[in-house]
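The structure appears right after this line, and notes come after that.
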Amino acid sequence: MSAVADDAPERPNAIPGSRTPPMGGGHQMRALAREWGSELIVLVVIVILGGFVGLGNPVFFSPQNLLNILQAVAVVGVAAIGATLVIISGNLDLSVGSIISLGGLMCAIPMVGWGVPFELAAVIGIVTGCVAGAVNGLIVTYGRVNSFIVTLGTSSALAGLALYITDRHPIEMPDSSAWLGQAELGPVPVSVVVLVVLAAASQYFLARTVRGQRITAVGDNQRAAFLSGLPVRSTIILAYVLAGGFAAFAGVLQASALANAAPAAGAGLVLTIIAGVIIGGTSLLGGRGSIIGTLLGSILLGILSNAFILLRLNPEIQVVSLGLVIVLAALVDQWRMRRSGG
Amino acid sequence: MIEGRGLTKRFGGVVALDTVDITIELGKVTALLGENGAGKSTLVACLSGAYQPDGGDLILDGAPMRLRSPDDARRAGIAVIHQEPQMLEEQSVAANIYLARLAPGARSGAGTNQLNTRAAEHLAALGIRDLEPAAKMRNIKGAHRQLVEIARALVGEPRVLFLDEPNASLGEAESARLFDVVRGLRERGVAVVLISHRLREVYAIADHVVVMRDGRKVADAPTAELPVERAISFITGGAKPLAPAQSPIAVGNDNRPPLLELADVSGPGFAHVSFRVAAGEIVGMSGLVGSGRTEIAHAVIGATHPGSGVLRFAGAPVHFGDPAEALRVGIAFVPEGRREAVFYGQSVDFNIRAGFWGTGERDGAPGSRVERTQAVRALMARLQVKAPDPHIRAATLSGGNQQKLLIARALSASPRLLILDEPTHGVDVGTKREIHDLMRSLAAEGIAVWFISSEVEEVVELATRILVVHQGRVVAELPGGSPIEDVLAYNFGEVSVRRG
């Protein structure tokens, strides 16, 4: 998480020429578990948790409720995609919540103040988020300051800025913005389609493109990446710019869904966003994780909060359960990594 | 007195220590000599509880015993001082010396003033008067760090003290300072075992010499009976003439324009370095750990920044801001420590493919995904990387295979100059030969190869031209196949050993 990370500890080597996995079905299963183990575990937990909630209240299984869950996850999920990229690069972004607020406002202000059409205003909001992300990235890389501190600071600064430019007043969104957050495409809310498409595209970016794979390399072993001639700084900056862009877009999405851009709209979301990333199997040490995992992790948290409504549980306990799920996810992940031999 | 009988240690198929008998006597300084990988550190680890020997016995004062951990050894009066002392940098010298006061079962800690007073007395008893007990550890440099570590080890009043290359990174004056303290320990009846490559300095202090080679003890005698020249021949296994098959391929380099040229370059850790590397050459850079070899390579590729001098690549003056820029013009680097090179959490495939990512998407690297996958397969085959499949994690490979992985990564960038820092450090003999053959064939293809090694034999065998680095300077340039003794002599700054 530091700007100039220490080398990853050398993990114990296995015996040379370790055993070849048998070919055939077993081999494929093992390859699947190796590649997508964390994600499969989250998926299994989602199914089990869903089963229990459904037993308690059959409404859970209704397509409408399932879509509601996804729609409720959309804002956090979109922001979590960007946060995942930063965490995989071995850094942290605590400013995503403030950028959500700012992104929504910088979409609303041009629309209301200058009559800019929604689509263009959304781009203005997103660009604002990218700029904020670039500032984070520049300070982390060129300033060599620990990313936790940097983004803790910018988070506060941007939250204050959002309050300042609006004088603490929320801005009502014109109706022309409603399609993104409120309309449906057939039975599926547009925001859910957007979330899934962005997650799929980002997963492709992370795992298949050069710039995406550089993020994983830098997070795994920053020194190795540097000495191998990878552009470490621009890679980290790119991760922050994307994180800012995704967070700002999440803010636009939220403003559109609520028909209202509030200066503190994203204030309480950081914990949920980072929790979704970690539950999805992304390592806080960097170098390991996936967008699919983050999507599943965010959905798991969405089901949890849905369950508290459907089962009429005490909402205070939901906060407790969020904390427990985060710690449990980290424990399961540790145990899994140790078993797989480092 | 501590004794090892028939000590044997294996790692996988490699025998690191082969039935070694050793006796270490109190009140004497025993020098433990040998090349890197000869088994010195393994022997020390077995004698100090860090490793459990696979065979043989430890005898302490006539009674057999087992050391299950370094903590066991500490209680038995055995302490080890490592090359790079681990310190609490933000704490005072005194707090570091009395770190054991925080161990479980220790009596309650003293106040700051009391601690400083005690530390001052303790240091004075060791003849160390220029260390301020209240100073912050992070301000303590060089030999003084070693002295703090020695002082810390001596709080427990050990009877046997191992010093693992304590002066590797010290200048001569600092090294002399350290050895003064060692003499004082000897007078107090402590058994001191000294591992060092600096023979002249070692010989000035040691009472007894033990030489290791290929995991075996090859010499064991009082210093007076084993002169330096003979010790060197034991260290290198005798100066055998090179068989023709081992001789480096002859590449005419006199007429070639140099690909890389350094003219009076100075930087962090080295000064006034000038040399050239031409396409098709294998330039071997010999030097001790800490002599400045790696620092020169780092400055060339832009990992650090040279202070002065001119660097030319392909005839044009260049200055690289970072290794990415060096890679773009065709300079690939394989770092010394695998720790600072392998992406442990990623697959074999990922680790090799990473070489494509520095050069920019289009220039230099194969374009499509399929082409890159084919290129990775081709490199794996060429380097004979032994992995069950390309998708297993790099952390599960053996050290030798990880090293091949790194070379494959460097080659995937299609470099014109390949710089390898200790390319065969800690790999087995077979892999070593494969890496050597590869380096020869790369040179034959017209790549300029520059490698750094602390193993003199390797340099003599492999290089078409030899550069020797000593204390931050290139002190000699010798033709390939030069006598091992010559190269060693320059390495140790021990020019008097040199014949003719």
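These protein sequence lines are chains P and W, in that order.
Numbering (my numbering) for the first sequence: 14 to 355.
Numbering (my numbering) for the second sequence: 10 to 509.
C-beta atoms are modelled at their ideal positions from N, C-alpha and C, and glycine is treated no differently.
Computed from a predicted structure; not experimentally measured.
Is it right to say residue i is buried, meaning 16 or more other beta carbons lie within 10 angstroms of its own, or is it exposed?
{"i": "G455 of chain W", "result": "exposed"}
{"i": "E196 of chain W", "result": "exposed"}
{"i": "F65 of chain P", "result": "exposed"}
{"i": "A498 of chain W", "result": "buried"}
{"i": "S387 of chain W", "result": "Note that residue 387 of chain W corresponds to Ala in the displayed sequence, not to Ser. So A387 of chain W ends up on the exposed side."}
{"i": "E466 of chain W", "result": "buried"}
{"i": "T121 of chain W", "result": "exposed"}
{"i": "W127 of chain P", "result": "exposed"}
{"i": "S189 of chain P", "result": "exposed"}
{"i": "E431 of chain W", "result": "buried"}
{"i": "H206 of chain W", "result": "buried"}
{"i": "N148 of chain W", "result": "exposed"}
{"i": "K226 of chain W", "result": "buried"}
{"i": "H314 of chain W", "result": "exposed"}
{"i": "L132 of chain W", "result": "buried"}
{"i": "D139 of chain W", "result": "exposed"}
{"i": "L198 of chain P", "result": "exposed"}
{"i": "G173 of chain P", "result": "exposed"}
{"i": "R77 of chain W", "result": "exposed"}
{"i": "R181 of chain P", "result": "exposed"}
{"i": "S463 of chain W", "result": "buried"}
{"i": "Y253 of chain P", "result": "buried"}
{"i": "E304 of chain W", "result": "buried"}
{"i": "V210 of chain P", "result": "exposed"}
Are the CB atoms of residue i and residue j nearer to each other than 8 Å?
{"i": "F563 of chain W", "j": "R482 of chain W", "result": "Residue 563 of chain W is absent from the model: chain W starts at 10 and stops at 509."}
{"i": "S296 of chain P", "j": "G302 of chain P", "result": "yes"}
{"i": "I90 of chain W", "j": "V202 of chain W", "result": "no"}
{"i": "L323 of chain P", "j": "V72 of chain P", "result": "yes"}
{"i": "L268 of chain W", "j": "L426 of chain W", "result": "yes"}
{"i": "R161 of chain W", "j": "I106 of chain W", "result": "yes"}
{"i": "A175 of chain P", "j": "S114 of chain P", "result": "yes"}
{"i": "E99 of chain W", "j": "K145 of chain W", "result": "yes"}
{"i": "V231 of chain P", "j": "G103 of chain P", "result": "yes"}
{"i": "I250 of chain P", "j": "A93 of chain P", "result": "no"}
{"i": "M389 of chain W", "j": "A417 of chain W", "result": "yes"}
{"i": "A121 of chain P", "j": "A268 of chain P", "result": "yes"}
{"i": "S356 of chain W", "j": "G318 of chain W", "result": "no"}
{"i": "L42 of chain W", "j": "L16 of chain W", "result": "no"}
{"i": "E290 of chain W", "j": "A457 of chain W", "result": "yes"}
Return the Cβ separation of residue i and residue j in integer angstroms, given the expectation that the two are a contact with Cβ distance under 8 Å.
{"i": "G136 of chain W", "j": "D189 of chain W", "result": "7 Å"}
{"i": "V265 of chain P", "j": "G116 of chain P", "result": "6 Å"}
{"i": "N234 of chain P", "j": "V351 of chain W", "result": "7 Å"}
{"i": "A419 of chain W", "j": "N410 of chain W", "result": "That belief does not hold up - the Cβ atoms of A419 of chain W and N410 of chain W are roughly 15 Å apart, past 8 Å."}
{"i": "P79 of chain W", "j": "G58 of chain W", "result": "5 Å"}
{"i": "V469 of chain W", "j": "S450 of chain W", "result": "Not a contact, Cβ separation roughly 20 Å."}
{"i": "L71 of chain W", "j": "R168 of chain W", "result": "For the record, residue 71 of chain W in the displayed sequence is Gly; it is not Leu. Their Cβ separation, rounded to whole angstroms, is 14 Å, which puts G71 of chain W and R168 of chain W out of contact at 8 Å."}
Between the alpha carbons of residue i and residue j, how many angstroms are there, rounded?
{"i": "E270 of chain W", "j": "A287 of chain W", "result": "9 Å"}
{"i": "A254 of chain W", "j": "L471 of chain W", "result": "Per-residue confidence for A254 of chain W stands at a pLDDT of 37, beneath the threshold of 50, marking its modelled position as unreliable; the derived number appears in the next sentence. If I take the Cα positions, the gap works out to 11 Å."}
{"i": "T164 of chain P", "j": "A82 of chain W", "result": "47 Å"}
{"i": "P76 of chain P", "j": "E380 of chain W", "result": "45 Å"}
{"i": "A422 of chain W", "j": "I312 of chain P", "result": "41 Å"}
{"i": "I178 of chain P", "j": "A277 of chain P", "result": "12 Å"}
{"i": "R402 of chain W", "j": "R47 of chain P", "result": "9 Å"}
{"i": "L68 of chain P", "j": "F74 of chain P", "result": "9 Å"}
{"i": "S50 of chain W", "j": "I493 of chain W", "result": "23 Å"}
{"i": "A191 of chain P", "j": "A270 of chain P", "result": "7 Å"}
{"i": "G48 of chain W", "j": "T245 of chain W", "result": "14 Å"}
{"i": "I339 of chain P", "j": "V86 of chain P", "result": "17 Å"}
{"i": "T382 of chain W", "j": "V309 of chain W", "result": "31 Å"}
{"i": "D27 of chain W", "j": "F359 of chain W", "result": "38 Å"}
{"i": "A233 of chain W", "j": "P344 of chain W", "result": "41 Å"}
{"i": "G156 of chain P", "j": "V237 of chain W", "result": "52 Å"}
{"i": "L83 of chain P", "j": "V205 of chain P", "result": "6 Å"}
{"i": "N159 of chain P", "j": "R239 of chain W", "result": "54 Å"}
Could you check whether the Cβ of residue i sits closer than 7 Å to any heavy atom belonging to the ligand FMN?
{"i": "M186 of chain P", "result": "What this structure holds is no ligand at all, so the ligand FMN is not there to describe."}
Run through the region 51 to 118 of chain W for me and flag every whole beta strand (DSSP E) of 3 or more residues, listed as ranges in chain order. 64 to 69, 72 to 74 and 87 to 90
Report the residue ranges of all alpha helix (DSSP H) runs contained in full by the region 436 to 489 of chain W; include only those spanning at least 4 residues, in chain order. If we require 4 residues or more, the alpha helix (DSSP H) runs fully inside the region 436 to 489 of chain W come out as 438 to 453 and 465 to 471.
Where in the region 230 to 263 of chain P do unbroken runs of the alpha helix (DSSP H), each at least 4 residues long, occur, reported from the N-terminal end onward? 235 to 240
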